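My numbering puts the last residue of the sequence shown at 860; the count rises by one with no breaks.
Let me begin by presenting the structure, written as structure tokens, before commenting on it.
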Amino acid sequence: MTLAVQGDMLGRKLAVTTLVAGLSLPLTGCFDLFPTPTPTPTFQRDDVSLQTPTSGLRVLGEKGQVMEMADEVALDVNRWVAEMAVNFGEMLDELNAQPPRDVVDGWNIYGPHDAENGEDASWMARVSGDKDEVEFEVLVGERGASESEMVVLFTGNLAVDGESRSGGFTIDFDVISKLEALQEDVGADTVAGQVRVDFSRGEKQDKDVTIEFVGFSYTNGRDGEDLDYKDETYVYHRETDGSGLFHFASWAPFEDEGWSGPEYERVTVDMVWDADLAGRARAQILEVEGEGDLRFGDVHLNECFDAGYSLTWANLNEPYASDNSGYNEGDESACLLKESALDAYEK
514 MTLAVQGDML GRKLAVTTLV AGLSLPLTGC FDLFPTPTPT PTFQRDDVSL
564 QTPTSGLRVL GEKGQVMEMA DEVALDVNRW VAEMAVNFGE MLDELNAQPP
614 RDVVDGWNIY GPHDAENGED ASWMARVSGD KDEVEFEVLV GERGASESEM
664 VVLFTGNLAV DGESRSGGFT IDFDVISKLE ALQEDVGADT VAGQVRVDFS
714 RGEKQDKDVT IEFVGFSYTN GRDGEDLDYK DETYVYHRET DGSGLFHFAS
764 WAPFEDEGWS GPEYERVTVD MVWDADLAGR ARAQILEVEG EGDLRFGDVH
814 LNECFDAGYS LTWANLNEPY ASDNSGYNEG DESACLLKES ALDAYEK
């Protein structure tokens with residue numbers, strides 16, 4: 514049995530960071546009514562990056578499929594989410610270096626400006642903050658749109674207290690779907706919903722990252738993509754001692770695998786590890802509320818690994834195991850963490 518979940522779908526299919534990078538900021542100091550604002554904090558890549566125990570591991574072969582899947586998704590998040598954080602940080606740096614067009618109720622206003630690449634789009638930004646915290650909004654509209662005609666595409670906030678950092682940002686894909694130029698940028702036939710990223714980092718290793726998909730869906734007939742994340746949430750948590758958990762879920766069909774039909778099933782993956790980075794992982798493919806057409810019912814894969822990332826136990830439930838001889842190995846008694854630890858996050 515081989516699991517294939519659209520783990521890096523967002524990184525490959527939704528190049529949302531190009532929307533930020535493409536917001537050319539034609540600010541040349543021509544607005545001199547207001548002074549250059551006080552620099553605000555900016556996002557860092559490590560704010561939202563994930564470090565799983567097996568991150569970067571590529572030696573598991575046919576075993577450790579759940580571990581490998583968690584690794585792939587973590588790496589993908591580190592590509593597209595961390596890249597977005599970096600782009601937002603660069604945008605704030607550039608805005609902070611320029612005097613605003615106006616200041617309204619403590620918000621520095623930049624734009625509206627038409628896209629410099631000739632696209633039928635325009636943008637403006639609002640920034641409010643000081644050296645310790647910042648809030649921002651990026652608004653978009655059709656070329657030549659007035660301020661009142663702009664709609665909010667991105668929002669974000671960040672607060673810094675010494676080495677502790679917290680904040681987040683939201684992308685509204687419903688807005689993208691209404692502007693043809695932006696929809697072309699993400700390569701979608703249809704796209705809808707919102708994606709919200711929140712994080713907090715302590716002075717040591719402790720970190721929390723959540724990625725909420727609110728009614729998020731994406732279709733691209735050219736690539737045969739038809740994805741629906743419904744209202745799933747990715748959750749990453751790490752304690753100061755290095756122990757932690759990672760949860761993610763999506764919806765996908767498994768018709769090509771031979772043990773399911775064309776309907777979508779809910780795929781959940783949970784991984785938990787201790788301070789020595791030994792732990793266990795579980796993947797489930799589930800029929801939910803009558804949706805799904807698995808040949809033998811729900812699929813459950815369980816794995817345990819030691820501090821050296823070696824697989825110590827792997828188990829696939831029957832009758833799927835009978836069709837995948839050689840998958841199951843080891844004994845659950847070798848697991849250092851109980852299965853209940855995987856239920857730290859439930860939705």
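C-beta atoms are modelled at their ideal positions from N, C-alpha and C, and glycine is treated no differently.
As the structure is a prediction and not an experimental result, all values here were calculated from the model.
Legend entry - N- and C-terminal bounds of the beta strand (DSSP E) containing lysine 720: That run of the beta strand (DSSP E) goes 720–733.
Legend entry - Residue closest to glycine 642, alpha-carbon to alpha-carbon, out of Met663, Gly619, Leu652: Of the candidates Met663, Gly619, Leu652, the one whose C-alpha sits nearest the C-alpha of glycine 642 is Gly619.
Legend entry - Exposed unless 16 or more other CB atoms sit within 10 angstroms - verdict on aspartate 844: Label assigned to aspartate 844: exposed.
Legend entry - Between the CA atoms of lysine 717 and glycine 728 - distance to the nearest angstrom: Approximately 35 Å, taken between the alpha carbons.
Inset, instruction - Report back the beta-carbon spacing between aspartate 806 and leucine 849 to the nearest angstrom; my notes put them in contact at under 8 Å. - result: Not quite, the Cβ-Cβ distance comes to about 37 Å (not below 8 Å), so this is no contact.
Inset, instruction - At 3 residues or longer, and completely inside the segment 607–650: list those beta strand (DSSP E) runs for me, N to C. - result: Correct list: 615–617, 620–627, 635–642.
Inset, instruction - Measure the CB-CB distance between isoleucine 689 and valine 708 and report whether it falls below 8 Å. - result: No. Outside cutoff.
Inset, instruction - Drop a sphere of 10 angstroms on the beta-carbon of serine 773, count the other beta-carbons inside from all chains shown, and report buried for 16 or more, exposed for fewer. - result: Buried is the call here.
Inset, instruction - Give the straight-line distance between the Cα atoms of arginine 808 and serine 835, rounded to the nearest whole angstrom. - result: Using only the alpha carbons, I get a separation of about 13 Å.
Legend entry - leucine 536 to alanine 658 span [Cα, whole Å]: Only weak support exists for where leucine 536 lies, its pLDDT of 43 falling under 50; the value from the coordinates is given anyway. If I take the Cα positions, the gap works out to 15 Å.
Legend entry - Rounded C-alpha distance that separates serine 713 from leucine 814: For serine 713 and leucine 814, the distance between alpha carbons rounds to 31 Å.
Inset, instruction - Report the option in Ala794, Glu770, Ile798, Phe767 whose CA atom is closest to the CA atom of arginine 779. - result: Per the Cα distances, Ile798.
Legend entry - Straight-line Cα distance separating aspartate 584 from serine 846: Distance between the alpha carbons of serine 846 and aspartate 584 is about 24 Å.
Legend entry - Buried versus exposed call for serine 875 [16 or more other C-beta atoms within 10 Å across all chains shown]: Any answer about residue 875 is impossible in this case: the structure gives the chain only from 514 up to 860.
Inset, instruction - Go ahead and pull the three-state DSSP assignment for glutamine 564. - result: Residue state for glutamine 564 is assigned as coil, using DSSP reduced to three classes.
Inset, instruction - Output yes or no for whether 8 Å exceeds the beta carbon distance between threonine 732 and aspartate 702. - result: With a cutoff of 8 Å on beta-carbon distance, threonine 732 and aspartate 702 are scored as near each other.
Inset, instruction - Starting from leucine 695, follow the beta strand (DSSP E) in both directions and report where the run begins and ends. - result: DSSP places leucine 695 in no beta strand (DSSP E) but in the uninterrupted alpha helix (DSSP H) bounded by 693–698.
Inset, instruction - Enumerate in chain order the residues of its own chain whose CB-to-CB distance from cysteine 543 is below 8 Å, with the five nearest sequence positions on each side excluded. - result: With a pLDDT of 39 at cysteine 543, under the threshold of 50, the predicted position of this residue should be treated as unreliable, though the coordinate-derived value follows. Cβ-Cβ distances below 8 Å link cysteine 543 to nothing in the same chain once the five nearest sequence neighbours on each side are left out.
Legend entry - Closest by C-alpha distance to glutamate 831, when choosing among Lys851, Gly810, Met784, Gly757: Comparing Cα positions, the closest option is Gly810.
Inset, instruction - Could you pull out every residue in the same chain whose Cβ sits closer than 6 Å to the Cβ of proline 550, ignoring the five residues on either side in sequence? - result: So the list reads Asn609, Asn621, once near-sequence residues are dropped.
Legend entry - Buried/exposed call for proline 625, threshold 16 Cβ in 10 Å: Buried is the label assigned to proline 625, since at least 16 other Cβ atoms lie within 10 Å of its Cβ.
Legend entry - Selection from Arg639, Ser763, Asp783, Met784 that minimises the alpha carbon distance to tyrosine 777: The shortest C-alpha separation from tyrosine 777 is found at Ser763.
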